[in-house]
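Beneath this line is the structure, given in C-alpha cells, with notes to follow.
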Amino acid sequence: MDKIRVRFAPSPTGGLHLGGVRTVLYNYLFARQHQGTFILRIEDTDQNRFVPGAEDYIVECLNWCGLIPDESPLKGGPYAPYKQSERKSSYQKYAEQLVEAGYAYYAFDTTEELEQMRIRFKTDENPSPQYDSRIRMQMKNSLSEPEKARQWKSEGLPYVIRIRMPDNEEIHFSDLIRGDVHFNTGQSDDKVLLKADGMPTYHLAVVVDDYLMKITHAFRGEEWLPSAPAHILLWKYLGWEKDMPQWAHLPLILKPDGHGKLSKRDGDKLGFPVFAMNWTDPKTGELTAGFRERGFLPEAFINMLAMLGWNAGTEQEIFTIDELISQFSIERVHKGGAKFDFEKAKWFNHEWIKRSSSERLLPDVKKYFDQAGIHAEETLLAKVIDLVKERCTLLPDFVDQASFFFLRPAQYDLEPIKGKWNTDKKMFFAEFADKLSSIHTWDFASIEQVFKAHAEEKNIKAGELLQPLRIMLVGGKFGPPVFAIAELLGKEETMGRIKEVTGLLGE
RNA sequence: GGCCCGUUGGUCAAGGGGUUAAGACGCCUCUCUUUCACGGAGGAAUCACGAGUUCGAUUCUCGUACGGGCUACCA
155 MDKIRVRFAP SPTGGLHLGG VRTVLYNYLF ARQHQGTFIL RIEDTDQNRF VPGAEDYIVE
215 CLNWCGLIPD ESPLKGGPYA PYKQSERKSS YQKYAEQLVE AGYAYYAFDT TEELEQMRIR
275 FKTDENPSPQ YDSRIRMQMK NSLSEPEKAR QWKSEGLPYV IRIRMPDNEE IHFSDLIRGD
335 VHFNTGQSDD KVLLKADGMP TYHLAVVVDD YLMKITHAFR GEEWLPSAPA HILLWKYLGW
395 EKDMPQWAHL PLILKPDGHG KLSKRDGDKL GFPVFAMNWT DPKTGELTAG FRERGFLPEA
455 FINMLAMLGW NAGTEQEIFT IDELISQFSI ERVHKGGAKF DFEKAKWFNH EWIKRSSSER
515 LLPDVKKYFD QAGIHAEETL LAKVIDLVKE RCTLLPDFVD QASFFFLRPA QYDLEPIKGK
575 WNTDKKMFFA EFADKLSSIH TWDFASIEQV FKAHAEEKNI KAGELLQPLR IMLVGGKFGP
635 PVFAIAELLG KEETMGRIKE VTGLLGE
C-alpha cells in the first residue's frame, strides 16, 4: 500500500472552531499511526471571504496544539504550493477537460438570472429549486444553446463551468465511519466547478488537489456528505478513480442546549470558548474567546477533543498524544453527533493539571502571575504549584489559589474568627509569633510542633486556633495545609502576617 | 419540501440476541481533612416508539417519530 497521506484543508475565513481542531487531530493521529504524512492545505479559493490574519492564526493554533504538519504553505514540500490561490492555473485545464469529455459545460447565467430561476421554479413541493438535470435546458448554457454559447464565449461573456450530473445514476461509496452510503445523482445539482473569476470552487479544487497531492484518506465533517457524490463523479470523470482517497465523514459537534451544530455564538451565549485561541475579527473588532486564553492546557484540549466522538473501547479517558496515536482508530469514531459539554472539558483540564509536573506547568502559570502584576520567583513558584495544583481547574485558578504566597492578602476574611475571638487567643498568637523566631529548622514539622505545644500550654484546643492561623496567612478559608503554607512563606513573613492580623482583630 | 446521516441516563459513552445494561462528567449522600480541594465509598438516572424474526430482543429487519446536515459562482 502507498504511503498514507492525509490533509487538513481549512478555509482562512476566521477563527478555528473546535470541530476543526478535532478534524485536524483525527487526521494527525491517523497519519502518525501509519507513519504517514500530514498536510496543511489552505483552501482560499473564495476571494470575497478572504480574512487577513486567518491563515497565520490557523498555523498558530496547530502549533499550540502540537499538531504540526509535515507539508504546509510555510514548510513547503514536494507538492507545493499548498495554497489553492497559488495553484489557480492548474485547475482550469481539468475543468476544460471535463467539458470536452461532455461531463461539464459552460454556463452563462448571471446572478440575477439564477435568482429568478429560484423564484420561478419555487413551489410548495420544491422550495429550493436547484440548477439540475431537470432545468438545465431552460438556462443559458452550452447544453441548452450550444451555438449561442460559443458566441457568448468568444464575445468574452463571463461564464462558469458546471458539472453535468447524470439524471439517474446510483452512486455509492464506502465511508470508513458510516459504511455503505448511496445517492441518486438525480437529486444533486450541477455544481459550479470553475467560477467566473477563474478560481475553482471547493468541489473541483478538493479533488484536483487531493489527486495531485496523492491524498490517500480524506477526513472531513459530515456537512460534506451531500456533495460527496459530485466529488466521486469527478474522480471518475477525470480518470482517477483508482486513486480516489478513502472517505470518512466525521460527526458534528452539537450545541449543548437546544439543537444544531455548535457555533461561536453559542460560546458567547453560554460562557465558554468555541475557538482554539482568541480570535479578533479584523473587520468588526469582535473578539471570540479561545480555549488557550481561557487557561486550557493543549494536552487537555486535545484529549478532550479526541474523546468527543471517539473512544478506545476501554475505560481509559486520559490519553497522552502518543497513546492516542497508538490507540486511535477511525472505525471506532461515532456516527452520531455529540453535544459539547464544557463541564467535562474542564474536568479534562483539571486532570491534566493534576498530572502535570511543576516543570511543565511553570511557564504557563508564570504568565498568569505576570499578567496579574505579581512577581513570582520561579523556585518558590514551582513548589507552590505542586502544593495547589489539585485545586486548579483552569490555569488562571493558580493566581486565585496562590497569590498569597507572593503578596500579603489585600484583605482578610475575619468573619469566621471574629465571633470566637477572645483575649486568650490574642495572647496565644502574640506569643506564638515570638516563639516561631526560635525555630532553627523552618519546616512543616517544626512549625506544627511549636504550634501544638504552645496551644497545649495555653490550654486551648488546636482546632480552634487553626482556622484563625489560616486566615492570618492566607486571607481566607482556602488553600493547602496551613503549616505547609507557613513553611513556604518563611519565618519572617509568617510572623509578620500573624502580628498584622492579631493587631487588626483588637481584643 | 427533497436528498442524506443519525438516535443507549441531563451530557460523553461501553456493550450487542439471554448481562444486575460498564465507565466518565455533572448532581446528591457519606468518608478523609478542624479550610478549600484531592482521594475513597455509595445513590438517583438510560436502550425513542410500533410491528416483525426468534424460545427470547436494547442488540437483527421494516416502518414511524424525533434530531441533525445539505439544498450558493461559501467552504
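For the first sequence, the numbering used here gives the first residue as 155, with consecutive numbering after it.
Built from N, CA and C at the ideal position, the CB exists for glycine as well.
For clarity, every value in this text was computed on a predicted model and none was experimentally measured.
Inset, instruction - Determine, using beta carbons only, whether D344 and M367 come nearer to each other than 8 Å. - result: Position 190 of the first sequence, counting from 1, holds the residue named residue 344. Position 213 of the first sequence, counting from 1, holds the residue named residue 367. Taking 8 Å as the Cβ cut-off, D344 and M367 do not qualify as a contacting pair.
Legend entry - Identity of the residues DSSP links to W464 by a beta bridge: For the purposes of this step, residue 464 is identified with residue 310 of the first sequence, where counting begins at 1. Residue pairing for W464: DSSP places it in a beta bridge opposite V487.
Inset, instruction - Report the option in G467, K157 and S342 whose CA atom is closest to the CA atom of W378. - result: For this step, residue 378 is matched to residue 224 along the first sequence. With distances taken between Cα atoms, W378 lies closest to S342.
Legend entry - At least three beta-carbon pairs within less than 8 Å, the segment 542 to 554 to the segment 579 to 588: Between the segment 542 to 554 and the segment 579 to 588, the count of C-beta pairs closer than 8 Å stays below three; the two stretches do not touch.
Inset, instruction - Sort out for me which residues DSSP pairs R159 with in a bridge. - result: For the purposes of this step, residue 159 is taken as the residue at position 5 of the first sequence. As computed with DSSP, R159 is found in a beta bridge with T191.
Inset, instruction - In the DSSP assignment, find the unbroken alpha helix (DSSP H) run with I539 in it and report its ends. - result: Locating residue 539 in the first sequence gives position 385, where the first residue counts as 1. Unbroken alpha helix (DSSP H) run through I539: E532 to V542.
Legend entry - I369 - DSSP class collapsed to helix/strand/coil: Start at 1 with the first residue of the first sequence, and residue 369 comes out as number 215. In the structure shown, I369 sits in coil (DSSP, three-state: anything other than H, G, I, E or B).
Inset, instruction - Under 8 Å by Cβ, that's how I've got L348 and I386 pegged, so tell me the actual separation to the nearest angstrom. - result: For the purposes of this step, residue 348 is identified with residue 194 of the first sequence, where counting begins at 1. For the purposes of this step, residue 386 is identified with residue 232 of the first sequence, where counting begins at 1. No, L348 and I386 are not in contact; Cβ-Cβ is about 19 Å, not under 8 Å.
Inset, instruction - Report yes if the C-beta distance between H529 and F560 is below 8 Å; otherwise report no. - result: Position 375 of the first sequence, counted from the first residue, corresponds to residue 529. Position 406 of the first sequence, counted from the first residue, corresponds to residue 560. Here H529 is near F560, since their CB atoms are less than 8 Å apart.
Inset, instruction - Just tell me which of E376, A526 and D397 has its CA closest to the CA of G490. - result: Position 336 of the first sequence holds residue 490. Residue E376 is the option with its Cα nearest to G490.
Legend entry - Which residues DSSP lists as bridging N338, in chain order: Within the first sequence, numbered from 1, the residue matching residue 338 stands at position 184. Per DSSP, E324.
Legend entry - Nearest to E611 (by Cα), restricted to the options Y356, F582, I625 and E395: By one-based count along the first sequence, residue 611 stands at place 457. Nearest option by C-alpha distance: F582.
Legend entry - Distance between T468 and P383 (C-alpha atoms, nearest Å): Here residue 383 refers to the residue found at position 229 of the first sequence. Here residue 468 refers to the residue found at position 314 of the first sequence. Rounded to whole angstroms, P383 and T468 show a C-alpha spacing of 36 Å.
Inset, instruction - Return the residue from the list S510, Y211, Y260 and V361 that minimises the CA-CA distance to E395. - result: The residue you call residue 395 lines up with position 241 of the first sequence. Closest in C-alpha terms to E395, from the list S510, Y211, Y260 and V361, comes V361.
Legend entry - Candidates G231, P283, Y259 and D278: closest to E688 by CA position: Residue 688 cannot be examined here, being either before or after the span of the chain that is shown, 155 to 661.
Inset, instruction - State yes or no: is the C-beta of N295 within less than 8 Å of the C-beta of F262? - result: For the purposes of this step, residue 295 is taken as the residue at position 141 of the first sequence. For the purposes of this step, residue 262 is taken as the residue at position 108 of the first sequence. Contact flag set, yes.
Legend entry - Neighbourhood of D321 by C-beta, 6 Å cutoff - its chain only, sequence neighbours within 5 removed: Start at 1 with the first residue of the first sequence, and residue 321 comes out as number 167. Short of 6 Å from the beta carbon of D321, and not among the five residues preceding or following it, lie these beta carbons of its own chain, in chain order: S287 and G340.
Inset, instruction - Answer with buried or exposed for K409, where buried requires no fewer than 16 other C-beta atoms within 10 angstroms of its C-beta. - result: Residue mapping note: residue 409 aligns to position 255 of the first sequence, counting from 1. Buried: at least 16 other Cβ atoms inside 10 Å.
Inset, instruction - Express the C-alpha separation of A350 and V205 in angstroms, rounding to a whole number. - result: In the first sequence, counting from the first residue as 1, residue 205 sits at position 51. In the first sequence, counting from the first residue as 1, residue 350 sits at position 196. Those two C-alpha atoms are separated by around 21 Å.
Inset, instruction - Can you grab the Cα-Cα spacing for the pair K574 / L619, in whole Å? - result: Start at 1 with the first residue of the first sequence, and residue 574 comes out as number 420. Start at 1 with the first residue of the first sequence, and residue 619 comes out as number 465. The straight-line gap from Cα to Cα measures roughly 10 Å.
Inset, instruction - Report all residues from its chain with a CB closer than 6 Å to the CB of E676; omit the five preceding and five following residues, and keep chain order. - result: For the chain, the structure presents residues 155 to 661; residue 676 sits outside this window and is missing.
Legend entry - Beta-carbon contacts of K247 that lie in its chain and below 7 Å, excluding the five residues immediately before and after: Indexing the first sequence from 1 puts residue 247 at position 93. No residues qualify anywhere along the chain.
Inset, instruction - Tell me whether E266 is buried or exposed, calling it buried when 16 or more other Cβ atoms sit within 10 Å of its Cβ. - result: Counting from 1 along the first sequence, the entry for residue 266 is found at position 112. Exposed is the call here.
Legend entry - Nearest residue (CA-CA) to I475, options A492, A454, H488 and H336: The count along the first sequence starts at 1 and reaches residue 475 at position 321. Of the candidates A492, A454, H488 and H336, the residue whose Cα lies closest to the Cα of I475 is A454.
Legend entry - H371 vs P399 beta-carbon contact at 8 Å: Residue mapping note: residue 371 aligns to position 217 of the first sequence, counting from 1. Residue mapping note: residue 399 aligns to position 245 of the first sequence, counting from 1. Against a cut-off of 8 Å, the Cβ pair of P399 and H371 comes out as a contact.
Legend entry - Three-state class that DSSP yields for P354 in the structure shown: The count along the first sequence starts at 1 and reaches residue 354 at position 200. Residue state, collapsed to three classes: strand.
Legend entry - Range covered by the beta strand (DSSP E) that runs through A443: Here residue 443 corresponds to residue number 289 of the first sequence, with the count starting at 1. Where A443 is concerned, there is no enclosing beta strand (DSSP E), given that its DSSP letter is neither H nor E.
Inset, instruction - Have a look at the DSSP bridge pairing and note the partners of W433. - result: Here the question's residue 433 lines up with position 279 in the first sequence. Beta-bridge pairing links W433 to T442.
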